[in-house]
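Chains as they are written, first to last, in my numbering: chain P, 0 to 189; chain E, 0 to 189.
Here is the structure we will look at, set down as structure tokens.
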DNA sequence: TGAAATACTTAACATAGGTTAACGGAATTA
DNA sequence: TAATTCCGTTAACCTATGTTAAGTATTTCA
């Protein structure tokens, strides 16, 4: 577990085994069962979670009761509602598990303490958010300019591992389509 | 100019007049005329630009030749293509001026030097990107769940100042609509 | 000042995707 | 194992938005 985590961090900042050692103590491992909520709408998001094993979805429920998936999470990804986490306000998002899931969690206070003790970790999180922002911008462009069919093709190409693990109707939700439309697209009856 | 800039930074991190003084030297003021490009597709984005005065748009041109506006920029906003800026690869975006525009620009190298000299500025940029990411996620949700009419209403409510300064067909592009559709929506003939 | 480009509108028509409803198979649970 | 829920599919029909095409007003600029 910690090994995977160290490897993950090392992709962004260099951190020797020895420097990594103290980092561990700021994180708490936690397991969730399939269908269990990691975050529920209305609650404050108290953790950033690194997925060691499993699969999650982060989604919003519109006033009309429709779910819209903002993000899937699998091994090596971070999940959480950053706005709620930082501002301490109630989240409008739900995060639940598509599979049994193991995470490493850190709280806001612990994160501040971590930054003070291991400055490289502040840099690490900055890079992480930078990348997330870049990916997010790119998704906006895709949503603005491509048809459902193209977005689905892009999704499969970009996230083949996720495609295999989550039901189609959730992929539809991520792409901004109804399950019926995605089915139509998949069968090439477009 | 510097006063506005200092005020802007102070909204995110505390920086006395004296601490702010050295910050100035890392930025270069620059003026652009209306319609002038700040960044052109295919070029590497060499600067992050803080808008002191003016109005810009950041957009992508799809293979079919259609423009899609990713972001508008007005006073107090930052513009640039972060991915290109950080990775040094060619940008797929254009940034041009809707009005004569004055900016303060910093290069990647100068930014690194600035972080080394004034650590609070690293924190400042981290917060900036965090906020940008949060806004970006929120835009994705809106695009997934709301109709054109609703997105337009949201836009006006959220950016009344921009609405007044940019032509409608560019707002349409930002919202993922054709100018004709926006016109139809505006006239309530929906 | 006049010509050209730009901005916005309207209308007729086309279409991708939404809606509703139904069916059958797979997975979950009692 | 039986009952139930979940999942993907199909089909008929509907609607928001795109497309094409014009027309007018405004702005830009030579």
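Think of the CB as a built atom: it goes at the ideal place given N, C-alpha and C, for glycine as much as any other residue.
These numbers come from a predicted model, not from an experiment.
Starting from the Cα of residue 19 of chain P, find the closest Cα among P/107, P/45, P/4 and P/35 and give me that residue. P/4
Residues near residue 6 of chain P by beta carbon distance below 6 Å, same chain, minus five either side: none
Put residue 133 of chain P into one of helix, strand or coil per three-state DSSP. helix
Taking the C-alpha atoms as reference points, what is the distance between residue 92 of chain E and residue 28 of chain P? 41 Å
Just to confirm my understanding: we take residue 52 of chain P, look at its own chain, exclude 5 residues before and 5 after, and list those with CB closer than 7 Å. What are they? 74, 100 and 101, listed in sequence order.
Chain-ordered residues of the region 89–106 of chain E with a beta carbon less than 7 Å from chain P: Taking 7 Å as the Cβ-Cβ cut-off against chain P, none of the residues of the region 89–106 of chain E qualify.
Could you check what DSSP says for residue 59 of chain E in three-state terms: helix, strand or coil? strand
Check each candidate in E/175, E/120 and E/167 and name the one with the smallest Cα separation from residue 147 of chain E. The residue with the shortest Cα to Cα distance from residue 147 of chain E is E/175.
Tell me, to the nearest whole angstrom, how far the beta carbon of residue 37 of chain E is from that of residue 128 of chain E; I am working on the premise that it is less than 8 Å. Contact flag wrong, Cβ pair sits at about 19 Å.
How about residue 10 of chain E and residue 106 of chain E: are their beta carbons less than 8 Å apart? Going by beta carbons, residue 10 of chain E and residue 106 of chain E fall outside the 8 Å limit.
Taking Cβ positions only, does residue 138 of chain P come closer than 8 Å to chain E? yes
Going along chain E, which residues have a C-beta under 8 Å from residue 67 of chain P? 140, 143 and 144
So is residue 87 of chain P buried or exposed if we call it buried at 16+ other beta carbons inside 10 Å? exposed
Which ranges does the beta strand (DSSP E) cover as unbroken runs of at least 3 residues, wholly within the region 28–93 of chain P, from first to last along the chain? Within the region 28–93 of chain P, the runs of beta strand (DSSP E) at least 3 residues long that lie entirely inside it are, in chain order, 36–38, 46–52, 54–60 and 66–73.
Residue 81 of chain P: contacting residues in chain E (beta-carbon distance under 7 Å): Taking a Cβ-Cβ cut-off of 7 Å, the neighbours of residue 81 of chain P in chain E comprise 129, 132 and 133, given in sequence order.
Residues of chain P with CB under 7 Å from residue 59 of chain E, in chain order? Against chain P, the beta carbon of residue 59 of chain E has neighbours under 7 Å at 140, listed in chain order.
Assuming residue 133 of chain P contacts residue 14 of chain E under a Cβ cut-off of 8 Å, what Cβ separation, rounded to an integer in Å, is found between them? 27 Å between Cβ atoms; not a contact.
Would you please state the rounded distance, in angstroms, between the beta carbons of residue 89 of chain E and residue 42 of chain E? I believe it to be under 8 Å. 7 Å
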